[in-house]
Structures are given as C-alpha cells and as structure tokens.
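Have a look at the structure below, then the notes.
In mature numbering (1 follows the signal peptide of the UniProt record, and there is no 0), the protein residues as written are -25 to -1, 1 to 304.
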C-alpha cells in the first residue's frame, strides 16, 4: 500500500503553520478556523488518496487554514462524488476528480446519480500518472512481457487480473491490452486500488494494470514485477521498464487527477482555490509525493480543465462502447 508517511504529514503541518497566508479578504468557507474538505471517493492507500493528501499539504500551507481529506468510497467513486456535488457551494468542500469519476462513469453506469459536467465547477488539473502492467512475484514463469503473453494465452479464461472496479480505468486499460494480444482473462474487480494490489502481492490474483507508483512499491519489495509501462516513453522511476508501444501494443494511458467544486461556487472562490493550488504545488511534501508516483504538478485554469474533461469524456465513451462494458447501479 502506498501512503503519505507520518513524518511527511507532520512536516507538512509544521510548514503550513509557518507559511504566509495567500492574500485574501475572506477565508474559504467564511472562517479561517473552518477546514476545507477534499472528498476522495476511494479508500485510503490508493493513488487518489495519496495524491489528495499531498495536495492538501500544499493547499493548507497556501491558504493558512486546515485542509483535510475525507474518504467516501463506494460504487467506483460515485458515492463520494455525489456527496461532493451536494455539498455547500462555498469552496469548503471540494473533490479530487479522476478519469473514472469525471470521464468514464457516465458511459459505464446506466444510471449515474450525478452529472460530472453540470453538478461541478472545475478548479484546476492537479497531475497525471502513467499506468503500468504488473504481475505478482508468484508468476515466476513471466519474467518479461513476451513470457507474459505466451503463458497467459495458455491459461485461457483462467489467467486473472485485478482492477478497482468493473468499468474502471484500471479495468479498461487491461481490457485493451488483452484484446490487442488475444488473451482470454478472468477479471477480479476490487473496491479500490490497494486491495487489488494486496491480492496480487499475496498471489491471489496474477496481474493488474495500475498507476506506476503503486506497482513500483511492490516491485521494490520483490512482491511483483513491472513488465511494461502504458506511457509514450520510459520514465525515471522505472528506467528499465519498456513501454507497451515499444512492445507492439499501441496504448499510452494513465490516471488524471483534478480538483472540482460544487456547481454554483462563486467565481472569486474558485479563483482563490486555483491560486492556492498553484502556490501549494511548490510545497516540498507535495512535490516529493508526486515524484514518487511519477507525476508532475500540472495546474490549469478552470476553462482548460473543463475543455480537457470534455475531450476525455468523448474519448472514453468510444472505448466503453467498443468494450461493451456496463455497470448496473
């Protein structure tokens, strides 16, 4: 499991107390003592939680008021995202939206209880992290990608892969690889990233497509092997891992993370949150965690995030149609 260490959290808190507040006439939510909540619609330990806590450290330092993370998991992010949509539109509650909750779910769920476009106001992009294909250390017969392809084909319908839910980005990314290579696989969905990782590490499931930082944490401990990276080029975190494109699979994908507020949040509040995020992304705790996850700060304007999310919705709708995946809500 990946996490923000206690030492890092304490250092972030100390830095927040020492840092000057971003100039403003009005604290977020009307009181400097009132915490800003970032709703994370997934369990603790996964990439969304980790990036959110790192982002909160920087935001707290920039705003000069408490910023807390609240995990509200369930139904591939819909439970927490709906809670964020229904929160007061004063900036005191925001959410960390990801590819799944703000691009994919609208296509996979027959009935989605929120509108990713109409119920939210974009604040800023946060970061993007590439996906990696990993197998558990128990699959000694799969030391590299070529053996993965060969051996998985021998186990038609039995070779298992984990994801953090039916129709999730993790599921769809592996589905693309399997279809491209002609692999018949057994999908084992979990409620979040961390349980899926743990299942692979415990030899209960064979493989998983997930953010590279999580995969690398298991690889470093010898509990898994990273076979390929779903990225346009190799990265410093895993310099010896080839890309899927190098291996003949035309896939470059990952997870994007961005902050959204409830719709009708006043423009001055969105502007202040955007400015605070830009300042907070310079925070050493934030930068350190991003680097561990192979991510870089990518602040944007609200308009840029809105345009990006719209393009992502269209792109993933096509992928979902081709994979014919639906989730009954």
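In this text, a Cβ means the ideal position worked out from N, Cα and C, and glycines have one as well.
Considering Cα atoms alone, identify which of the options is closest to residue i.
i	options	result
residue 242	211, 98 and 223	98
residue 237	21, 246, 56 and 5	56
residue 6	84, 41 and 21	41
residue 93	200, 85 and 59	59
residue 175	256, 211, 219 and 200	200
residue 196	1, 258, 144 and 173	173
residue 276	290, 118, 253 and 124	253
residue 285	37, 211, 28 and 74	74
residue 189	22, 1, 18 and 14	22
residue 29	274, 279, 278 and 262	262
residue 157	180, 129 and 289	129
residue 290	228, 159 and 111	228
residue 287	70, 132, 48 and 100	100
residue 90	210, 61 and 105	61
residue 181	144, 105 and 110	110
residue 235	70, 53 and 52	70
Here's a check: name, in chain order, each residue in its chain whose Cβ is nearer than 7 Å to the Cβ of residue i, leaving out the five neighbours to either side.
i	result
residue 116	122 and 126
residue 67	3, 4, 9, 11 and 12
residue 83	142, 295, 300, 301 and 302
residue 162	136, 138 and 146
residue 256	33, 272 and 274
Report the rounded CA-to-CA distance for residue i versus residue j, giving the unit in angstroms.
i	j	result
residue 223	residue 64	47 Å
residue 95	residue 281	10 Å
residue 178	residue 258	38 Å
residue 220	residue 88	37 Å
residue 153	residue 78	22 Å
residue 187	residue 168	12 Å
residue 155	residue 298	12 Å
residue 191	residue 213	8 Å
residue 225	residue 205	9 Å
residue 133	residue 113	15 Å
residue 211	residue 266	10 Å
residue 279	residue 124	39 Å
residue 149	residue 245	36 Å
residue 26	residue 14	12 Å
residue 207	residue 1	43 Å
Can you list, in chain order, the residues of its chain whose CB lies under 6 Å from that of residue i, leaving out five sequence neighbours each side?
i	result
residue 108	184, 202 and 203
residue 164	138, 140 and 141
residue -14	Confidence at residue -14 is low in this model, with a pLDDT of 45, below 50, so its placement is unreliable and no value can be given for it.
Which partner residues does residue i have in the DSSP bridge list?
i	result
residue 170	Answer by DSSP bridge pairing: none, since residue 170 is not bridged.
residue 46	15
residue 257	Per DSSP, none; premise fails for residue 257.
residue 265	Partner(s): none; residue 265 has no beta bridge.
residue 90	According to DSSP, residue 90 bridges with nothing at all.
residue 337	Within the shown structure, residues of the chain are numbered from -25 to 304, placing residue 337 beyond reach of any answer.
residue 108	184 and 203
residue 233	72 and 100
residue 84	302
residue 218	204
residue 95	237
So residue i and residue j are in contact, right, with Cβ under 8 Å, and what is the actual spacing, rounded?
i	j	result
residue 76	residue 16	6 Å
residue 32	residue 260	4 Å
residue 72	residue 251	At roughly 17 Å, the Cβ-Cβ gap does not stay under 8 Å, so residue 72 and residue 251 are not in contact.
residue 80	residue 46	Going by Cβ atoms, the distance from residue 80 to residue 46 rounds to 18 Å, so no, they are not a contact pair.
What does a CB cutoff of less than 8 Å around residue i pick up in its chain, not counting 5 residues either side in sequence?
i	result
residue 119	202
residue -4	In this prediction, residue -4 scores a pLDDT of 49, lower than 50, which makes its location untrustworthy; no coordinate-derived value is stated.
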